[in-house]
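Asker: There's a structure below that I have some questions on.
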Amino acid sequence: MENLLKKISGFVFLYHKPIVFIYVLLTALSLITVFNMEIKTDIIDVLPEGNKTVTQFRDFMEKYGASDNITVILETGNSPIEDHTDLVETLADKLKRSPLIEYADYNILQDTAAAANSPMVKYFPLYLDESGLKELRERLSPDGIARQISLNRRKLFSPFSSPADSELITRDPLKISDIVAGSFRRAHKDDALDLSTGFYLAKDHSAAFIFAKPKGKSRDMAFVKELKNELDSITQTALKENGNPQNIKIQLAGAHILSEEVRQVIRHDIISSSVLSVVVIALLIWIVYRVRGIVLAAVGFTMLSSLLMTLAFAYFIFGSLNIVTSIVAAVLIGLYVDYSIHMIKRYPDELRKNKDRQKALEITLTRTGSAFTISAFTTSLSFFSIVVTGFEGLYELGIVSGIGVLICLISNIFLMSSLLLWAGSRGFEKIMAFDTPSSGVEKLIHIVTRYPRHIVLAGAFFIVFLGPGLTKLRFDNDPEHIGVKDSRSVEALKTIHRKLDKKGEPLCLIIKGKNHNELSAGFDSMEKLLSGWRNDGLIGRYDSLAVLLPPPYLQKIKIEALKGMPLTESSKLGKVVTGALEKNGFIYDRDYINSYLNNIVTALNGREVAGFREIETVSDRRIDLFFNRHNISLAAYIYPSGGEWEKHTLSVLQASVETAGPDWSLTGAPILFEAINESIIAGSLLAVFVTLISNVIVIYLFFRKALHVLLVMLPVIIGFLLTPAIMGFFNAPLNFINMGTVALIFGLGVDYGIYIMQAYLKEDKRDIGSALRFSGKNILMCAATTVAGCGSIITAKFTGIASIGLVLTIGAVLCAATALLVLPALLSLRKGE
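Note that the working numbering has the sequence shown beginning at 363, numbered continuously upward.
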């Protein structure tokens, strides 16, 4: 390797100016590319691609539009929401008129055409409960007809009568709609929505809901951004047109809203963490090394060029960043500068000593360059190893970061060397540091060489003391705990769940059929199974297609009950009704009455159940939540009996569904995140194993002795083991986002052992004091810059991303401390022996 680096130093010396110009061009092109890069904000994008549970969940979200709807909630303070129905209608009307919205549903009475074509009209007797059937039987008797027509007359002559009453009586003189509505209310008395006014209201009338479907997908970030601006404009305009009421609050919830919020948060986190990293690292370099401005600029440009080219590679490979890969900038900034630190420390010293730029660069690259080259390979291998976790987000992070480390290595060898040569062309004093303050390395050398046994024993005690923390380590995959802090869209969703009394995340039971007949049989089985679960206390409540279409077995029971109905012939029923109308002085349209009564008689004499063919042509948007016309499948939404799903209950439900057959599946966020726990643990352990083996092989090829490999790996192994122990000790949980990055501790921490052993073995004499003088200050700075990069991620508003910063920061600190204290102490003891 030293011969190769020697040849490279000669090449760079000859062509350092063209190299700089080439990098300027590459940096500019990369910058243009990065501006076109999008950020995927869907958590599904970071989960395992081929996992059955993930596939089922993604399939459900796509087929039932669970991620394609927006809910607008209008919440009042003390006044009832009915006082603001004008605002509801204004807002809904503007949503309907928007070119970005497919439809907006705010009132069950708004679409009269859909209501007329509803199966509830043609098959209304099948929607009645036992009380409704009894009431219908009485209503259609001669006495019942006479009584109802008489009541109609009295109502019209009442001083409280209105034109609306006259229209309703003319349209439905037997008031059959009241019987159907009564059955509907009794069947849904426990439902959270109050539909008595037609509007979708909370039970306590403190909120109204509008359900809208955008024309674009929540994964189309350009559309999502435009949609959010449109919704904000619509909301503000609607409020202004209604006098800006002070006691009403409008919130938006849905995948589109969350996607835009996450996009903005991630963009903010990328910028803030990157800027914070750069500022802190620049201050550290200046304070510790007191470098001149031109050297600091060289470090900055090398880092910027490397980062932009890394992001450009990410764009060409994946086309975008995701939630996890968004941290790549902050993490790599801390790593990128490590290699530059070694060069800005060594090159000026060698230039002052040799008074020859080429000789100074040759010594810098062959002595220092070999160490950070091997560390770059081990670091990149550690990043590449996390691709074996199977998680899409970690896979992309591993590829991008691994490539980024190699790009940084190449940039430092070529670009940083060229910039130092160019800057030092007019004398070494132009790049020499000012007088630097003491770094404390001499004190460290004194402690390590005088008290090596004490240090080793203290390290052992530290391990024993913190070790039990591993038993306290816990996993938390609750989406709420790894998402955006203080998320407005999540808060809106909580408000909706509170108003609708929905406790816990729903599970989704899905059945598929080869045809409508098979699906009808499955519909019956689904309803019986759900009813049994509810009776057994396994679930709290559920929503299914039964709210819009009774299951076939219940319809058949109703058909049998209809056989005893009176006046099931049009002529007999018409004679009784028209006689009652004429007796009470009503003027009526004979053709309309005949059609009205014929529809009633047809419904009473029907002997076929209403099925999926009847609802396929209905434009009621609610049907799409339960029935997929194209996939011939049904979905039901199940809620826990308590606030959360218990693990045992989930196991019982899943086992029950598995026995139902291959066309049945149970999915939902609780099952999804429970299932990926085992997957991420297994994948992370595999990544650690791959990292460990690859690092050992590379380090052995460099040092050629097993003992030296063991000593190099000691700091990172201790750091790796103690990181989760400390997290358990302080009750900081692992999750599926940060768990996979634990293997990266090897990539961050193995460098420190390499630098110590390189300085100890490769310099003129094997002296631990001399080794620490050469490398101690640089290791301190490398650790500090890594902590600055990873630590800046802790400030992220996205909790899952912030947790990655915590894991990597703890790991980097532990690895550096072990490399600077325990490893030198062991080397000192070994030399003494």
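Here a beta-carbon is modelled for each residue, glycine too, at the ideal position from N, C-alpha and C.
Since this is a predicted model, take the numbers as computed values, not measurements.
Hey, how far is the Cα of V1104 from the Cα of L1047?
Answerer: For V1104 and L1047, the distance between alpha carbons rounds to 9 Å.
Asker: Can you give the Cα-Cα distance for A574 and E588, rounded to whole angstroms?
Answerer: 16 Å
Asker: What residue ranges within the stretch 882-938 form continuous alpha helix (DSSP H) runs of no fewer than 4 residues, ordered along the chain?
Answerer: 914-923
Asker: Where H618 and S595 are concerned, what is the direct C-alpha to C-alpha distance, given to the nearest angstrom?
Answerer: 16 Å
Asker: Just the Cα atoms here: how many angstroms apart are Y370 and D700?
Answerer: Before going further, note that residue 370 is Ile rather than Tyr in the sequence given. Between I370 and D700, the C-alpha separation is close to 20 Å.
Asker: Would you identify the three-state DSSP class for T433, choosing helix, strand or coil?
Answerer: It is a strand residue.
Asker: Tell me the rounded alpha-carbon separation between A466 and A570.
Answerer: Taking the straight line from one Cα to the other gives about 13 Å.
Asker: Quick one: what does DSSP say A454 is sitting in, helix, strand or coil?
Answerer: helix
Asker: Short of 8 Å in beta carbon distance, which residues of its chain neighbour S1190, apart from the five on each side in sequence? Order them along the chain.
Answerer: V810, T811, P814, I1130
Asker: Using only the alpha-carbon positions, how far apart do F885 and P913 sit?
Answerer: Spanning the two alpha carbons is a distance of roughly 6 Å.
Asker: Using a Cβ-Cβ cut-off of 8 Å (strictly less than) and excluding sequence neighbours within five positions of K918, which residues of its own chain qualify?
Answerer: V971
Asker: What did DSSP end up calling P1024 once you bin it into helix, strand or coil?
Answerer: Assignment of P1024 by DSSP, reduced to helix, strand and coil, places it in the coil class.
Asker: Please classify A584 as buried or exposed, where buried requires at least 16 neighbouring CB atoms within 10 angstroms.
Answerer: exposed
Asker: Could you tell me which residues DSSP pairs with S995 in its beta bridges?
Answerer: K874, N990
Asker: Does P868 pass the burial test, meaning 16 or more other C-beta atoms within 10 Å, or should it be called exposed?
Answerer: buried
Asker: Out of curiosity, what's the CA-to-CA distance linking M363 and S742?
Answerer: For M363 and S742, the distance between alpha carbons rounds to 18 Å.
Asker: At the level of alpha carbons, what is the spacing between L320 and L881?
Answerer: Since the displayed the chain opens at 363 and closes at 1195, residue 320 lies outside it and no answer follows.
Asker: According to DSSP, is T751 part of a helix, a strand, or is it coil?
Answerer: helix
Asker: With DSSP as the reference, please indicate the residues paired to A1178 in a beta bridge.
Answerer: DSSP, once it has assigned bridges, lists no residue as partnering A1178.
Asker: State the CB to CB distance for the pair P410 and I1038, rounded to an integer number of angstroms; the pair is presumed to be in contact (CB under 8 Å).
Answerer: 7 Å
Asker: Could you check if K605 is buried or exposed, using at least 16 other CB atoms within 10 Å of its CB as the buried criterion?
Answerer: In the sequence under discussion, the amino acid at residue 605 is Gly, which differs from the Lys named in the question. G605 comes out exposed.
Asker: What would DSSP say about A574, mapped onto helix, strand or coil?
Answerer: strand
Asker: Leaving out the 5 sequence neighbours to the left and right, which residues in its chain are closer than 8 Å to K402 when beta-carbon positions are compared?
Answerer: R581, M583, S682, L683, N684, I685
Asker: Assign P830 to one of two classes, buried (16 or more other C-beta atoms within 10 Å of its C-beta) or exposed (fewer than that).
Answerer: P830 is exposed by the Cβ-count criterion.
Asker: Put L869 into one of helix, strand or coil per three-state DSSP.
Answerer: DSSP places L869 within a strand segment (E or B) once states are collapsed to three.
Asker: Taking only beta-carbon atoms, is I1116 less than 7 Å away from chain C?
Answerer: Judged by its chain identifiers, the structure shown contains no chain C, having just a single protein chain.
Asker: Could you tell me the distance, in whole angstroms, from the CA atom of V653 to the CA atom of L1182?
Answerer: Their Cα atoms are separated by approximately 24 Å.
Asker: Taking 6 Å as the cut-off, does the CB of R719 come closer than this to any heavy atom belonging to the ligand HEM?
Answerer: By its list of ligands, the structure shown contains no ligand whatsoever, and the ligand HEM lies outside what it can speak to.
Asker: I need the straight-line Cα distance from L771 to A660, nearest angstrom please.
Answerer: 15 Å
Asker: R708: buried (16+ other C-beta within 10 angstroms of its C-beta) or exposed?
Answerer: Looking at its Cβ environment, which holds 16 or more other Cβ atoms inside 10 Å, R708 is buried.
Asker: Indicate whether the contact test is met: 3 or more Cβ pairs, each with one atom in the stretch 1061-1071 and one in the stretch 717-728, closer than 8 Å.
Answerer: no
Asker: Go ahead and label F426 buried or exposed: buried means 16 or more other beta carbons lie within 10 angstroms of its beta carbon, across all protein chains shown.
Answerer: The sequence shown places Tyr at residue 426, not Phe. Y426 is classed as buried because its beta carbon has at least 16 other beta carbons within 10 Å across all chains shown.
Asker: In this structure, does DSSP put E400 in helix, strand or coil?
Answerer: strand
Asker: Considering L488, what are the terminal residues of the alpha helix (DSSP H) in which it resides?
Answerer: Taken as a continuous stretch (DSSP letters only), L488 belongs to no alpha helix (DSSP H), as it is neither H nor E.
Asker: Have a look at E754 and A564 and give me their C-alpha separation to the nearest angstrom.
Answerer: 40 Å
Asker: Just the Cα atoms here: how many angstroms apart are L759 and F746?
Answerer: 9 Å
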